[in-house]
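Enquirer:
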Amino acid sequence: MIAHFPPCLSILLLVASLAPAVNGAEQQEIRVGIIGLDTSHVLSFSKVMNDPEAEGDLAHCRIVAAYPQGSRDIQSSVSRVPKYTKQIEEMGIEIVPTIATLLERVDAVLLETNDGRPHLEQALPCFRAGKRVFIDKPMAGSLVDVLAIFSASKKYNAPTFCSSSLRFAKATQDVRNGSLGTVQECWTQSPAHLEKTHPDLYWYGIHGVESLFTVLGPGCVSVKRGTHGEGQIEVVGQWTDHRRGTFRAGKGYSGRAKGEQGEAPVGSYDGYAPLVVEIARFFRTGETPVPAEETVEIYAFMSAADESKRMDGAEVHLDTLINKARAQVNQRLAEFSAP
């Protein structure tokens with residue numbers, strides 16, 4: 052016997068029959084690829100993201116392929132590639148010969164090349180293919196390239212973000228989310244090993260600078276660079292509303308914020324997992340956890356620190372550097388124009 056239902060009930064039954072398929076699509080695994088096997092981050096991130104017991108957003112992302120080439124001339128990076136390639140392969144992740152091959156196999160990309168200078172060139176084919184891309188620190192080797200990356204991301208409607216793992220440390224996030232009210236002053240500290248091919252703080256000082264901006268947010272107007280202790284780098288930034296932020300190079304990760312409701316420690320390192328969780332959420336939703344404008348300001352702050360150093364500690368305004376860099380973006384992108 053054929054059952055007959057009223058039209059409204061038939062529609063409800065049809066929707067119900069489709070529900071499992073819709074839910075199944077929402078839970079579809081996101082295939083993730085890695086570009087650059089010259090940093091230990093690739094091992095740490097892969098262990099977190101490919102953990103069979105992962106939950107939440109992480110449970111629906113899996114790293115499936117990797118392209119090894121990272122830096123071409125920073126020896127400390129180049130020398131790591133064979134070892135990390137072997138270890139990644141032993142984790143069941145396919146090693147592929149080109150970025151083009153990688154993009155055929157994945158839905159999203161971890162751009163992990165330790166050297167920031169090739170990031171623009173490596174990110175562009177990902178954006179053109181419509182892939183969401185997380186770019187590990189440093190985002191690029193220059194402020195011009197940082198702006199060019201965001202410009203290309205917008206053009207191809209392929210979201211991207213960059214962040215140090217220190218941004219998502221619990222104490223730092225608590226202050227960012229208002230535990231002290233408005234923060235008037237903050238200092239952070241991290242190691243600041245230098246690499247001659249990059250602006251001084253891009254290479255490692257980025258960690259402490261990222262914590263500083265996580266607490267204070269955007270709005271830095273100017274920077275002065277000096278020293279503290281035994282000649283260690285110290286950079287003081289002036290924010291709007293008379294707020295002040297200071298980055299100091301030193302041992303370990305630490306800091307302190309002073310706000311309307313007291314003081315609290317910030318700037319700790321809580322491991323990689325909090326960052327990888329945010330990356331997985333970004334891959335699933337396309338929503339970037341760090342505004343592009345804030346990241347641009349972070350790299351302008353570090354670029355201004357170098358400019359202040361060249362000017363014997365003189366004050367350098369961020370908007371001057373950003374405007375100068377922005378004027379060079381189109382020319383820079385033209386160097387990598389699609390055939």
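Numbering (my numbering), first residue to last: 52 to 390. From the three backbone atoms N, C-alpha and C, an ideal C-beta is built for every residue, glycine too.
Quick check on the burial criterion: 16 or more other C-beta atoms within 10 angstroms. Buried or exposed for Gly-75?
Expert: Your numbering for residue 75 matches position 24 in the sequence shown. Summary for Gly-75: the model assigns pLDDT 38, below 50, so the residue's position carries little reliability, and this model does not support an answer.
Enquirer: For the putative contact between Val-347 and Val-197, defined by C-beta atoms under 8 Å, what is the C-beta separation to the nearest angstrom?
Expert: Counting from one through the sequence shown, the residue named residue 347 turns up at place 296. Counting from one through the sequence shown, the residue named residue 197 turns up at place 146. Indeed they touch by this definition, with Cβ atoms about 6 Å apart.
Enquirer: Determine the burial state of Met-353: buried for a count of at least 16 other Cβ atoms within 10 Å of its Cβ, exposed for fewer.
Expert: Position 302 of the sequence shown, counting from 1, holds the residue named residue 353. Looking at its Cβ environment, which holds 16 or more other Cβ atoms inside 10 Å, Met-353 is buried.
Enquirer: Within a Cβ cutoff of 8 Å, which residues of the same chain sit near Glu-285, ignoring the five residues on either side of it in sequence?
Expert: Here residue 285 refers to the residue found at position 234 of the sequence shown. Here the set comprises Arg-276, Gly-277, Thr-278, His-279, Thr-297, Phe-298, Arg-299 and Ala-300.
Enquirer: Taking only the alpha-carbon atoms, compute the straight-line gap between Phe-46 and Val-93 and give it to the nearest angstrom.
Expert: Only positions 52 to 390 of the chain appear in the structure, and residue 46 is not among them; the question remains open.
Enquirer: Below 8 Å on the Cβ atoms is my guess for Thr-239 versus Arg-168; work out the distance and round it to an integer in Å.
Expert: Residue 239 sits at position 188 when you count from the first residue of the sequence shown. Residue 168 sits at position 117 when you count from the first residue of the sequence shown. Going by Cβ atoms, the distance from Thr-239 to Arg-168 rounds to 26 Å, so no, they are not a contact pair.
Enquirer: Return the residue from the list Phe-178, Val-184 and Gly-313 that minimises the CA-CA distance to Tyr-207.
Expert: Along the sequence shown, one-based indexing puts residue 207 at 156. The candidate whose alpha carbon is nearest that of Tyr-207 is Phe-178.
Enquirer: List, from N- to C-terminal side, the beta strand (DSSP E) runs of 3 residues or more that fit wholly inside the segment 300 to 341.
Expert: Here the runs fully enclosed are 305 to 310 and 313 to 316.
Enquirer: Just the C-alpha distance for Pro-340 and Glu-329, rounded to the nearest angstrom, thanks.
Expert: Position 289 of the sequence shown holds residue 340. Position 278 of the sequence shown holds residue 329. About 7 Å.
Enquirer: To the nearest angstrom, report how far apart Phe-387 and Thr-136 are at their CA atoms.
Expert: Working through the sequence shown from its first residue, we reach residue 387 at position 336. Working through the sequence shown from its first residue, we reach residue 136 at position 85. Distance between the alpha carbons of Phe-387 and Thr-136 is about 27 Å.
Enquirer: Ignoring anything shorter than 4 residues or poking outside the segment 87 to 134, list the alpha helix (DSSP H) runs there in chain order.
Expert: With a minimum length of 4 residues, the continuous alpha helix (DSSP H) runs that stay inside the segment 87 to 134 are 92 to 100 and 126 to 129.
Enquirer: Just the C-alpha distance for Ser-91 and Asp-292, rounded to the nearest angstrom, thanks.
Expert: Translated into the one-based positions of the sequence shown, residue 91 becomes position 40. Translated into the one-based positions of the sequence shown, residue 292 becomes position 241. Each residue's alpha carbon lies about 40 Å from the other.
Enquirer: Leaving out the 5 sequence neighbours to the left and right, which residues in its chain are closer than 7 Å to Leu-267 when beta-carbon positions are compared?
Expert: As a working mapping, residue 267 is identified with position 216 in the sequence shown. For Leu-267, where only same-chain residues beyond five positions count, the Cβ hits under 7 Å are Val-234, Cys-237, Trp-290, Arg-294 and Gly-296.
Enquirer: Among the candidates Phe-212, Ser-122, Glu-314 and Glu-311, whose CA atom is the shortest distance from the CA of Ile-349?
Expert: Taking the sequence shown and counting its residues from 1, one reaches residue 349 at position 298. The candidate whose alpha carbon is nearest that of Ile-349 is Phe-212.
Enquirer: Return the first residue and the last residue of the alpha helix (DSSP H) that Arg-179 is part of.
Expert: The residue labelled residue 179 in the question sits at position 128 within the sequence shown. From DSSP, the alpha helix (DSSP H) with Arg-179 extends over 170 to 179.
Enquirer: Once DSSP output is grouped into helix, strand and coil, what is the label at Thr-211?
Expert: What you label residue 211 is simply residue 160 of the sequence shown in a count that begins at 1. Three-state result, Thr-211: strand.
Enquirer: Hey, could you find the ends of the beta strand (DSSP E) Ala-159 is sitting in?
Expert: Against the sequence shown, residue 159 aligns to sequence position 108. Segment 159 to 162, the beta strand (DSSP E) holding Ala-159.
Enquirer: Would you decide whether Ala-72 is buried or exposed? Buried here means 16 or more other CB atoms lie within 10 Å of its CB.
Expert: As a first step, residue 72 is located in the sequence shown; it is residue number 21 there, counting from the start. At Ala-72, the pLDDT of 35 sits below 50, so the modelled position is not reliable; the number obtained from the coordinates is stated separately. By the 10 Å Cβ count, Ala-72 comes out exposed.
Enquirer: Take Asn-165 as the anchor and find which of Gln-138, Arg-156 and Gln-120 has the nearest alpha-carbon.
Expert: In the sequence shown, counting from the first residue as 1, residue 165 sits at position 114. Considering only alpha carbons, the answer is Gln-120.
Enquirer: Can you tell me where the beta strand (DSSP E) with Lys-247 in it begins and where it stops?
Expert: Walking along the sequence shown from the start, residue 247 turns up at place 196. Note, Lys-247: premise wrong, no beta strand (DSSP E); not H, not E.
Enquirer: According to DSSP, simplified to helix, strand and coil, what is Val-266?
Expert: Translated into the one-based positions of the sequence shown, residue 266 becomes position 215. Note: Val-266 maps to helix in three-state DSSP.
Enquirer: Of the choices Pro-133, Gln-224 and Phe-185, whose alpha-carbon is the least far from that of Phe-264?
Expert: Indexing the sequence shown from 1 puts residue 264 at position 213. The shortest Cα separation from Phe-264 among Pro-133, Gln-224 and Phe-185 belongs to Gln-224.
Enquirer: Whole angstroms are fine: how far does the CA of Ile-139 sit from the CA of Ser-130?
Expert: If you number the sequence shown from 1, residue 130 lands on position 79. If you number the sequence shown from 1, residue 139 lands on position 88. Their backbone Cα atoms lie some 15 Å apart in a straight line.
Enquirer: Does DSSP put Thr-297 in a helix, a strand or coil?
Expert: Residue 297 sits at position 246 when you count from the first residue of the sequence shown. Strand, per DSSP.
Enquirer: Which residue's Cα is closest to the Cα of Leu-384: Glu-172, Ser-122 and Pro-133?
Expert: Within the sequence shown, residue 384 is the residue found at index 333, counting from 1. When only C-alpha atoms are compared, the closest one is Glu-172.
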